[in-house]
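Everything in the sequence shown is counted per the working numbering, starting at 516 for the first residue and increasing by one.
For each residue, glycine too, the CB sits at the ideal point set by N, CA and C.
A quick note: this is a predicted structure, and the numbers were derived from the prediction, not measured.
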Amino acid sequence: LARVAEAVGPGAAEALPTVLRSVGAASPDWGALLRECGLVRVFAVAHFLGVAELLDAARSWAAGDSWRLQSELSELSPNTDHNALRMALRYGIDAKCASKLIHAAAAADAVGALRIIISEEDALGDV
Numbered sequence: 516l517a518r519v520a521e522a523v524g525p526g527a528a529e530a531l532p533t534v535l536r537s538v539g540a541a542s543p544d545w546g547a548l549l550r551e552c553g554l555v556r557v558f559a560v561a562h563f564l565g566v567a568e569l570l571d572a573a574r575s576w577a578a579g580d581s582w583r584l585q586s587e588l589s590e591l592s593p594n595t596d597h598n599a600l601r602m603a604l605r606y607g608i609d610a611k612c613a614s615k616l617i618h619a620a621a622a623a624d625a626v627g628a629l630r631i632i633i634s635e636e637d638a639l640g641d642v
């Protein structure tokens, strides 16, 4: 578990036990998990663990309300959620959304998130 925590960062690592319980449940309530632990943090953990069903649910949940990405990004800490946000950007958390992650961060005035997204896009090219 230490490797997972290191890869996803301290913010998402806090969500790890709850995500693991939900993944092991007979019929998980992904919406409740995303609300409780945070979209970006859960997405990062799900990606690292390879839980495709949860990744799809997170993308759908993010797209279900135009304010969700903005709200989630405004709650993130650049210090503890850097790795999770990088994973969310690289692996398309916004794939089903009308707005891209960078636009949601700008609309939310989430300066820390914007800095991470811009630096990641500079490194990756157009994402």
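Query raised in the report: Is the region 594 to 613 touching the region 550 to 559 in the sense that three or more CB pairs, one from each, lie closer than 8 angstroms?
Result: yes
Report task. Find out if the Cβ-Cβ distance for the pair leucine 588, alanine 628 is shorter than 8 angstroms. Result -> Walking along the sequence shown from the start, residue 588 turns up at place 73. Walking along the sequence shown from the start, residue 628 turns up at place 113. Contact: yes.
Requested in this report: Could you check the C-alpha separation between alanine 643 and isoleucine 633 for me, to the nearest Å?
Outcome: Missing from the structure shown is residue 643; the chain here goes from 516 to 642 and no further.
**Report entry** leucine 600, buried or exposed, once every other Cβ within 10 Å from all chains shown has been counted against 16
**Finding:** Here residue 600 is taken as the residue at index 85 of the sequence shown, counted from 1. Buried, since its Cβ has 16 or more Cβ neighbours within 10 Å.
**Report entry** Helix, strand or coil at tryptophan 576 [DSSP, three-state]
**Finding:** Position 61 of the sequence shown holds residue 576. Three-state result, tryptophan 576: helix.
Report task. Would you check if the distance between the CB atom of alanine 613 and the CB atom of serine 581 is smaller than 8 angstroms? Result -> What you label residue 613 is simply residue 98 of the sequence shown in a count that begins at 1. What you label residue 581 is simply residue 66 of the sequence shown in a count that begins at 1. Result yes, Cβ atoms of alanine 613 and serine 581 sit closer than 8 angstroms.
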